[in-house]
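K.L.:
Reminder that position 844 of the sequence shown reads as 852 in the working numbering, one-by-one numbering, no gaps.
The beta carbon of each residue, even a glycine, is placed where N, CA and C say it ideally should be.
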Amino acid sequence: MRLRRLTIHNIASIEDAVIDFEACPLADAPVFLITGDTGSGKSTILDAICLALYATTPRFDNTQMEGDMNESGKPITLRDPRQLMRRNTGEASVALTFIGNNGKEYEASWSVARARKKPAGALQAKQWSLRDVTAGDVLSKDKDIRTEILAAVGLDFRQFCRTVMLAQGEFTRFLNSRNEEKASILEKITGMDIYSRLGVKIYQIASTKKQDCDEAMRKVDAVKLLDDDAIAGYNANLASLDKEIAGQKKRREDLELRRDWLKTMALLVAAADDAASAHKAALDAVACESYQSDSQLVDKWSRSAEARGWLAAAMAADDEVKSQDKLLTRLCDDFAEVKNGLAYVEAERAGLSRDISEIEASIREESCRKEMYDNVQAINSLAASIAGYKDKIRDARVATGKETGRLEGTLRPELDKATEDYDRCRAALDVARKEVDGLDKAFQEMNMPELRIKLAELRGTIVACGVARESMNKLVEEKSRKVEAERHFASCRREIASLNSEIDRLSPLIVKAKSLMECRERDYEKQRESVGKWAKDIRSRLNVGDVCPVCRRQLLEALPLEEEIDDVCRCAKDEWDKAVADYRGLCDRKAEVDTRSRAMSEALEREIRDYESRDAYGRALSGVVEAFGKCGVAWGGGEEDSALSRLENDVAASLKQVEKKNEDGDVLEKSIREHRVAVERMTDNLNSLAERKLAAGKMVDDCRNSIATYGALIDGWRAEINKAETALRVMVGEREWADGWSDNPVGKALAVTTAANAYNKLVERHRELTARSEQAEALRREVGDIVEGITRVLPAWKDVKCDLSAAGSPSLKAKASALFTDIKVAVDARARAESRRAENRNRVGRYVASPEGIPLDELEGLQGYSTETISSLASALKAVADDLLTKDALLKNARQRLADHQKAMPPLEPGDTVERLDEAIKELDALSEAKGREAGAIALMLRQDAELCSAQASLIQEARRKKEEYDRWERLRVLLGDATGKKFREIAQSYVLASLIHSANYYMHGLSDRYTLKVVPGTFVIMLEDAYQGYTSRSAATISGGESFLVSLSLALALSDIGGRLAVDTLFIDEGFGTLSGEPLRKAVDTLRSLHAASGRHVGIISHVEELRERIPVQIRLSRSSDSSSSIVRISGL
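1. Contact defined as beta carbons within less than 8 Å: I believe Ile-213 pairs with Trp-977. What is the distance between those atoms, to the nearest angstrom?
2. Would you please state the rounded distance, in angstroms, between the beta carbons of Ser-1140 and Gln-1123? I believe it to be under 8 Å.
3. Alpha carbons only, please: which of Ala-841, Glu-973 and Ser-650 is nearest the one belonging to Lys-217?
4. Can you grab the Cα-Cα spacing for the pair Asp-24 / Asn-18, in whole Å?
5. CB-CB under 8 Å to Lys-257, same chain, minus the five flanking residues each way: which ones, in chain order?
6. Helix, strand or coil: which one does DSSP assign to Arg-1069?
7. Does the distance from the CB of Trp-309 to the CB of Arg-851 come in under 7 Å?
8. Helix, strand or coil: how does DSSP classify His-1112 here?
9. Looking at the structure shown, is Ile-511 part of a helix, part of a strand, or coil, going by DSSP?
10. Closest to Leu-925 by C-alpha separation, out of Asp-150, Arg-1128, Glu-261 and Ile-84, would be which residue?
11. Does the segment 138-146 come into contact with the segment 112-119, if we say contact requires no fewer than three beta-carbon pairs (one atom in each stretch) closer than 8 Å?
12. According to the neighbour-count rule (16 or more other Cβ atoms, all chains shown, within 10 Å of its Cβ), is Gln-332 buried or exposed?
13. Excluding the 5 residues flanking Arg-1117 on each side, which residues of the same chain have their C-beta closer than 8 Å to its C-beta?
14. What's the C-alpha gap between Lys-125 and Thr-52?
15. Do Asn-693 and Cys-1192 have their beta-carbon atoms positioned less than 7 Å apart in this structure?
16. Straight-line CA distance for Ser-365 to Arg-726?
17. Distance check for Asp-45 and Val-146, CA to CA, integer angstroms please.
18. In three-state DSSP terms, what is Asn-245?
19. With a threshold of 8 Å on Cβ separation, who are the neighbours of Val-519 within its own chain once the five nearest residues in sequence on each side are excluded?
20. Report the residue ranges of all alpha helix (DSSP H) runs contained in full by the segment 842-883; include only those spanning at least 4 residues, in chain order.
21. From Thr-875, Ser-750 and Val-1107, pick the residue whose C-alpha is nearest to that of Lys-398; which is it?
22. How is Gln-1123 classed by DSSP in three states: helix, strand or coil?
23. Would you check if the distance between the CB atom of Ile-1120 and the CB atom of Val-172 is smaller than 7 Å?
24. For Pro-38, which three-state DSSP category applies?
25. For the candidate residues Ser-523, Thr-337, His-1106 and Ala-757, whose alpha-carbon lies nearest to that of Ala-395?
26. If you run the structure through DSSP and keep just helix, strand and coil, what is Glu-492?
27. For the alpha helix (DSSP H) that contains Lys-669, what are its first and last residues?
28. For a test of the three-state rule: what should DSSP assign to Gly-631, helix, strand or coil?
29. Given a cut-off of 7 Å, decide if Val-922 and Leu-270 are closer than it, judged by their beta-carbon atoms.
30. Three Cβ pairs or more, each shorter than 8 Å: is that satisfied between the segment 463-481 and the segment 710-718?
31. Tell whether a beta-carbon distance below 7 Å holds between Leu-736 and Leu-390.
32. Measure the C-alpha to C-alpha separation of Glu-906 and Lys-288 and round it to an integer number of angstroms.
33. Can you tell me which of Thr-272, Ala-56 and Val-208 puts its alpha carbon nearest to the alpha carbon of Met-913?
34. Using 10 angstroms around the beta-carbon of Cys-169, count the other beta-carbons present and answer buried if the total reaches 16, otherwise exposed.
35. Consult DSSP for Phe-1028 and reduce its assignment to one of helix, strand or coil.
36. If contact is defined by three or more beta carbon pairs under 8 Å, each pair taking one atom from either stretch, is the segment 507-525 in contact with the segment 584-593?
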């Protein structure tokens, strides 16, 4: 993410401010300073960034205060960021533009206002939005904004504060906190609280697995099965019952056979009697009078079908003749209308011929001007161009006059004044340059480069002497530290060896404890079976002298009491629980010792590796030799200290003299710079005057060119006018041109256009009337032919009269053609109908006269019956006949079935009746049902026992699986899990802390080679190793204010690395730089500058320390305005 621009309005002490991070000098500065007096609003800039991105600020998120405060009579929480709006204002806002990690440009805005934006108004809800500048989309819902911010920035609010804004005191509190608080702060800073949750989760899963294992064992114990003797007895009883049930089933089948034969016999006798009655009723229906008369009617209808068809056809043909006569009468009226239309067409054609003759006479009169009328468009174009050129010439003359006045009245005086100012400034610049040349000559005579080289060499010698003396002291300290380190490593190895010895001692004890635990578990399992329900049930039934069903031995004395047996089982359970506890305790102890041993071994290896990689003593020795060599003093003679002191005194005396000469040269150089600045200002002014003079001259030249251009245009337009008049004279002719064309060409062209339009209309009218006349003649011929054809078909229609006053029809031809077609169709249809009528009448007469014929009156009567009526009568007659056949077949079938049933009679006993046999079957069913229930109960018991046996096997297998799963989780719990997650958190955080300290030492060595941070393995104890005090280690609680800042800054930068993805290109540090001064402060600033070179990241330091203002040139300065309580924000740089 790259910050671009921050706009602040009425937030805390800042009234209005705009900070552009992409503009110079902020864009080019690796480190910039946010400075100002206490309370001026330095941290407000960070609050504004957080408000725009996350709608909250670090100061509200970190507060521990609770409760509400009164705001215009309404309560608001102490964490409400709306409190940041400046007092006595009506609105406040923040806007931040930035480039997200996804490459998109965004603008995040946060604002709040009071009612009607008045300072006394009620506080309104905040407005928060995010605009995607790239796509133009705007988000206004908090949830959507947070999701998009997380995608664009890659950090939530807490992660942003931890890795981008390092707040005041966060790491100082971390150093001085208790172990539990330190672990909590470390989780908060690094966001690695997952290990606590994993430790708790491991403990919870192990507990759940133990419960599942215990529950599985209880399920196994709850299953009770039958013994083998009981199963054998039940199987014998079941076989006996099955045999009895089979005999009863056979007896029942015999009874059912006799009973069913008797029932069927009674039914068949009744069915034969019913069939005989139905057959007699069917014979009576066929013999009745109505059946006979209907049969005769249907027979006549069938025989006269063809004759009735002829009669119907004759009647239809008669109707057709009458219908065609009516149609011809109606068509005669249409024929009269067609004749009227034909007469109208002939009259119209005569009128058109007269109109065409009149128009031809008018066209002949205008034929002499036809050529001019054909060129009317060209004439109009030439006339318009002549008039346009004349208008342009008039406008150009007016513009020429205006340009001439502007040239003489304004432009020439301005050019003269600009030339005078330029000459005066040039003379003054020559004088100033001569003065600068004199100062430069004096400066060159001082030979400042050689003087500065000598000064640098003397200062370098002083620094080299100091470095040599410090290196000599450091060599002594490194030697003693080497001895101390070797002593420390030996102590750690002894402690690790002791821990490994304890592990070796615990291993055989764990094996022995596990064996004892498994032995106690087997003992308990045996005793637990003796107190099971099935065992108690067996013991309750046994007496002295009985044979035990388990061991098959006779009881010689009374069994022990159940309480005594329970006590024995309880003791076995206690022994097993004690063995489990002992085993787990030994495993826990071994895991704890093993973890501690591994942690110490890894820490020792890391310390030895770090110590050997640093090679502090070797580097110190090399540094001493190199440092003394730079001073020109040989190392190893024994007089190094005194020789170094003499060198320092000689160099100090020479340095004082050279510094005095250098100061004089600096004063002269400053004067030269001031004079050069003045010369540059005068040069800029001269360049400005030269540009002004050049611009004035250009304006004069442009005005003269405009005047000349207008003259050339006027000459060209006049030539075009002459050319157009010549062409126009040719088109209109000399005689027409002499009639005022040169004075008013546009008006004359308009008159010609009017005459040409009238002439063209006459020509078009002649063409139109000629076409209409030809169409009328063609229509007269075609309709006349159709009328003649109709009179040939119907000669009587020749005398039909027509009305000459009637108007013509636009569709006369189509109407006449359709009429001719309709008449032909009607005449043909009438002739065919008359033919059919005569033919069918003759056929009917021949049928009536034939021997098998029916009289005409009866035939006409049969015509009155419909086909449906006759079909219905025929169906009814057929149904009666079919019913007789069916009843006859049913009677024969019933008598045959009765005979067949009598042949299949079973052996009956005297007194057998249906009722007595039903009673006997019911008694036998009741007996069989009782036997069946008894057999079903036994079979159910055996089936359930088999299912329980199978289920118990599955439960045992499941219990074993859960026991194995529980053992795995229990081993993991012993190593990492507990109810609070403390065990895993301490192990994981010790490694996280060690990694953090390792990264912090990288920055610490850049800040100061004196200090090294260390952490005791497996703990949260942070130690500070001081190279200036013999590499002694002391607690972080003993460090001073400056040391505390160095440690906090190193930890903060290390955390920034761990937070790692360079999510934001600017890191803000709000820590206590006031505790540093001099060389430590310089190194701290240089280290922060190195961040930009290494990762391209800018660093913003929030501080009011005066020395930082001198060391960091690029600054965002906040200062109180003189007339209000607000702060003014200014950005300054080199």
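P.N.:
Checking against the coordinates, here is how it stands:
1. 6 Å
2. 5 Å
3. Glu-973
4. One C-alpha to the other measures close to 6 Å.
5. So the list reads Ser-936, once near-sequence residues are dropped.
6. Legend: pLDDT at Arg-1069 = 45, less than 50; position of this residue unreliable, no value from coordinates given.
7. In this structure, Trp-309 lies away from Arg-851, with their beta-carbon atoms at least 7 Å apart.
8. coil
9. helix
10. Glu-261
11. yes
12. Flag for Gln-332 reads buried.
13. The residues are Leu-41, Thr-43 and Gln-1123.
14. 22 Å
15. There is no way to answer for residue 1192, as the model of the chain reaches only from 9 to 1142.
16. 50 Å
17. 38 Å
18. helix
19. none
20. 864-870
21. Ser-750
22. strand
23. no
24. coil
25. Ala-757
26. helix
27. 648-740
28. helix
29. yes
30. no
31. yes
32. Note that residue 906 corresponds to Leu in the displayed sequence, not to Glu. Distance between the alpha carbons of Leu-906 and Lys-288 is about 20 Å.
33. Thr-272
34. Its Cβ being crowded by 16 or more others within 10 Å, Cys-169 is buried.
35. Coil, per DSSP.
36. yes
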